[in-house]
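In our numbering, the protein residues as written are 23 to 229. Here's the structure we're looking at; comments come further down.
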């Protein structure tokens, strides 16, 4: 199943800092500086073993986050505005994103990418341990496969706001784009396993 999410979620732009966790960060003033640094050598941002490792080919191995103390989950209302296009609304009725199904290989050119291999138990949510500074227009392009069929949700965790905004639902994989619609502090890609079986999520996401 392929999706394109535009609005709150499609393109995450790098401006300011790429933060691997709350205690460890690397300042990135623009894509050129980030790309040069990533290509020059392996760079590791870590804290308590839960960092993000940037490799020389500009691909990182993304660890998962499991401590959600103090966070609030928000089931975004999916309001259909046209065929296959939905606005994602938070509890206040604010449009935080637009979700759109896509066909074919309609993907964005990546600036940096991370691979994921997350095994998630039933009823459990997780997110990347990286912390990416967000603002309107920030884009996540993702291609994630499931080890078995099972209802799952994809969304964005806002670590400064302590909210997790859940959007699209799938039983066999996520492929599409999430565009942030407004600044919401440091964010990570998040997945929730709503099935009755343990699922391993593998694939990648890029910004």
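C-beta atoms are modelled at their ideal positions from N, C-alpha and C, and glycine is treated no differently. Fair warning: this is a prediction, and the values are worked out from it, not measured in the lab.
Rounded distance between the beta-carbons of residue j and residue i, thought under 8 Å
i: residue 186; j: residue 172; result: That pair is no contact at about 19 Å.
i: residue 140; j: residue 210; result: No, residue 140 and residue 210 are not in contact; Cβ-Cβ is about 12 Å, not under 8 Å.
i: residue 208; j: residue 138; result: No, residue 208 and residue 138 are not in contact; Cβ-Cβ is about 18 Å, not under 8 Å.
i: residue 198; j: residue 168; result: Their Cβ separation, rounded to whole angstroms, is 15 Å, which puts residue 198 and residue 168 out of contact at 8 Å.
i: residue 191; j: residue 175; result: 5 Å
i: residue 149; j: residue 229; result: Actually they do not touch by this definition, with Cβ atoms about 15 Å apart.
Contact under 7 Å by Cβ, residue i with residue j
i: residue 164; j: residue 227; result: yes
i: residue 116; j: residue 108; result: no
i: residue 215; j: residue 118; result: no
i: residue 221; j: residue 146; result: no
i: residue 156; j: residue 212; result: no
i: residue 98; j: residue 159; result: no
Neighbourhood of residue i by C-beta distance below 7 Å, restricted to the same chain and skipping five residues each side
i: residue 219; result: 144, 170, 172
i: residue 223; result: 138, 140, 142, 166, 168, 213
Contacts around residue i, its chain only, beta-carbon distance under 8 Å, and the 5 residues preceding and following it disregarded
i: residue 92; result: 184
i: residue 90; result: 147, 186
First and last residue of the uninterrupted beta strand (DSSP E) at residue i
i: residue 111; result: 107-111
i: residue 179; result: 174-180
i: residue 149; result: 147-150
Same chain only: Cβ atoms within 6 Å of residue i, ignoring 5 sequence neighbours per side
i: residue 112; result: 96, 118
i: residue 179; result: 149, 186, 210, 212
Problem set entry | Those runs of the beta strand (DSSP E) which lie wholly inside the segment 183-214 and span at least 3 residues | Counting only runs of 3 or more, we get 185-192, 195-201.
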